[in-house]
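Position 125 of the sequence shown, counted from 1, bears residue number 116 in this note's numbering, the numbering being contiguous throughout. Structure first, then comments.
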Amino acid sequence: MFIGVLSIVLIYTAGAVVRDIFVATEEQKDGRAVTFEATMPFGVLSQQRTRQVIAVLERRVVAQGGAYALVSSVAGRVGHPELIGSAGLPDATITLIAGRLDGVRRLPVLRGRWLSADKAIYPAQLLVNQAGAGLYGGLGTSLEIQPTLHQPPYEARIVGVIADGDTTPNVYASLTTALAFRPVVFSSGDAPDLFIHHPTAPDSAIHGLIDNIETDLSVDPTQVEPHRYDRVAQLLANLRATQRAFLGVAVIALAVAVIGMLNIGLASVRERSRELVIRRAVGATRARVFGLVLLSAVTIGVLSGLVAVAIALASVLLVIPHLLDPARALNDPAFPWSAAIAGLAAAIGAAVLGGAVPAFTASRIDVAYALRD
């Protein structure tokens, strides 16, 4: 029975840990649960227009408990200052952001800090991922950044190293700062992607929120097609289906354990028949004999459940944290106490099912027949 109970506890525990790992990876790459993406034709995104857009998003999204990010990946150049007069700055993809991208995606800061609020700061601030830190340098490194190839570069400094789940070097810079130093970053046909995340709002509320933003910014709604960007819901559905399949196997193992307990219990009753008859002879009722035999089976079940829970608890608290990569945007997993409840319930249930028949048989032993034997 211990194997069956341990299987159920470990399946519940592994399901919770794997769910956290998969969700963290998905939210790191594409967005937290309930994240929408929309490309809005803001027109020529000047510095003044950007301030207007940010003000609307702060009022409509942040004030309602959500988070937003304007994101645009541009083909530019980034490199150390000494390269300007020699080989030239190497090409690089620069991700310009306004708002809090770390509020939309899980982007833990490994060293340093996040970009300052949306305002022009000189030298400009940069974030790099781990691969970017290996290529450009760590905190405090001064670089030259050129978001548009037809305008000269300007000085920037790395203020943070983040984990974005990408193995290629990535550079993140402030959209507001870029527009302040180099006003012509976007042409009239370009527009950053708008990402909106709200942890509790239903999809319909997000659609209504985007409609209000379109109205406030005088954007043609026929040119905006918001859609759910994250895939967390689909991922969780797949994980639940897999967990149910493994639970089915564990239940079968537990059923085999119940049958084994039944056979062992009946054999034990036959061996203890004289002892049980003597108990009856000195005044024990059938109910007391039934309870005595059943209690021994339940005790075995509870002990099996407690040992299984202890093994799972030790695995979560002592083993798993050492196996996790800090760049996976995953906090140390907490032990799912539902696994302990499920394990103990399964252990007690199996013990009752496996011990009820032997207990009933013991309570019905004929005193005269047992004494004759």
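Ideal Cβ placement from N, Cα and C applies to all residues, glycine included.
Taking the beta carbon of LEU185 as the centre, do at least 16 other beta carbons fall within 10 Å, making it buried, or is it exposed? Buried is the call here.
Tell me, to the nearest whole angstrom, how far the beta carbon of ASP157 is from that of ASN203; I am working on the premise that it is less than 8 angstroms. That pair is no contact at about 33 angstroms.
Whole angstroms are fine: how far does the CA of ARG263 sit from the CA of PRO349? Their backbone Cα atoms lie some 11 angstroms apart in a straight line.
Could you tell me which residues DSSP pairs with TYR163 in its beta bridges? Residue pairing of TYR163 in beta bridges, as defined by DSSP: THR86 and LEU118.
Identify, in the order they occur along the chain, each residue of the same chain with its Cβ nearer than 8 angstroms to the Cβ of ILE197, setting aside the five sequence neighbours on each side. Around ILE197: VAL25, PHE27, ILE187, HIS189 and PRO217.
Could you tell me whether the stretch 230 to 246 touches the stretch 71 to 90, where touching means 3 or more Cβ pairs closer than 8 angstroms? Flag = no, the stretch 230 to 246 and the stretch 71 to 90 do not touch.
Could you check which residue in GLN39, GLN55 and ILE(-1) has the C-alpha nearest to that of LEU200? Ranked by how close their Cα comes to the Cα of LEU200, the residues GLN39, GLN55 and ILE(-1) have GLN55 in first place.
Where does ARG222 fall in DSSP's three states? Of the three classes helix, strand and coil, the one that applies to ARG222 here is coil, per DSSP.
When the Cα of SER259 is compared with those of TYR59, LEU314 and ALA353, which residue comes out closest? If we check each option's Cα against that of SER259, ALA353 comes out closest.
Sheet register partners of THR365 (DSSP bridge): Since the displayed the chain opens at -8 and closes at 364, residue 365 lies outside it and no answer follows.
Segment limits, alpha helix (DSSP H) that includes SER264: Unbroken alpha helix (DSSP H) run through SER264: 264 to 272.
For ALA68, which beta-bridge partners are listed by DSSP? First, the amino acid is wrong: residue 68 is Arg here, not Ala. In the DSSP secondary-structure assignment, ARG68 is bridged to ASP82 and GLN137.
In the DSSP assignment, the alpha helix (DSSP H) including GLU205 goes from what residue to what residue? It spans 194 to 207 - the alpha helix (DSSP H) in which GLU205 sits, taken as one unbroken run.
C-alpha gap between SER209 and ALA333, whole angstroms: Their backbone Cα atoms lie some 55 angstroms apart in a straight line.
Buried or exposed: ASN254, going by 16 or more other Cβ atoms within 10 Å of its Cβ? Here ASN254 is exposed. Its C-beta has fewer than 16 other C-beta atoms within 10 Å.
Between the beta-carbon of SER165 and the beta-carbon of LEU48, is there less than 9 angstroms? Between SER165 and LEU48, the CB-CB gap reaches or exceeds 9 angstroms.
Starting from the C-beta of GLN38, find all residues in its chain whose C-beta is less than 7 angstroms away, skip the five residues before and the five after it, and write them out in chain order. Contacts found: LEU170, ALA171 and PRO174.
Residues near GLY292 in its chain [Cβ-Cβ closer than 7 angstroms; skip 5 each side]: If we look at GLY292 and ignore the five residues flanking it on each side, its Cβ neighbours are MET(-8), ALA338, ILE339, ALA341 and ALA342.
Residue range of the alpha helix (DSSP H) that LEU286 falls in? The continuous alpha helix (DSSP H) containing LEU286 extends over residues 277 to 305.
State the start and end residues of the unbroken beta strand (DSSP E) segment that holds ALA341. Where ALA341 is concerned, there is no enclosing beta strand (DSSP E), although the alpha helix (DSSP H) it sits in stretches over 328 to 354.
Using only CA atoms, which one of VAL215, ASN161 and GLU17 lies nearest to ILE85? For the residues VAL215, ASN161 and GLU17, the minimum Cα distance to ILE85 belongs to ASN161.
Let me know the secondary structure DSSP gives ARG104 once reduced to three states. In the three-state DSSP reduction, ARG104 falls in the coil class, being neither helix nor strand.
Between the C-alpha atoms of ALA111 and THR16, what's the straight-line distance to the nearest angstrom? Roughly 32 angstroms separates the two Cα atoms.
Rounded straight-line distance, which links the Cα of HIS141 to that of ALA305: Whole-angstrom Cα-Cα distance: 59 angstroms.
What span of residues does the beta strand (DSSP E) with VAL152 cover, start to end? Residues 145 to 153.
What would DSSP say about LEU130, mapped onto helix, strand or coil? Coil at LEU130, not helix or strand.
State yes or no: is the C-beta of ARG102 within less than 9 angstroms of the C-beta of VAL152? Yes, the Cβ-Cβ distance between ARG102 and VAL152 is below 9 angstroms.
To the nearest angstrom, how far is the alpha carbon of MET31 from that of LEU106? Answer to the nearest angstrom: the Cα atoms are 24 angstroms apart.
Determine whether the beta carbon atoms of SER329 and ALA7 lie at a separation below 9 angstroms. It is a contact, given that the beta carbons lie within the stated cut-off.
Compute the Euclidean distance between the alpha carbons of PRO138 and ARG219, then round it to the nearest angstrom. Answer to the nearest angstrom: the Cα atoms are 29 angstroms apart.
Endpoints, the alpha helix (DSSP H) within which GLY94 is located: Where GLY94 is concerned, the enclosing alpha helix (DSSP H) stretches over 92 to 95.
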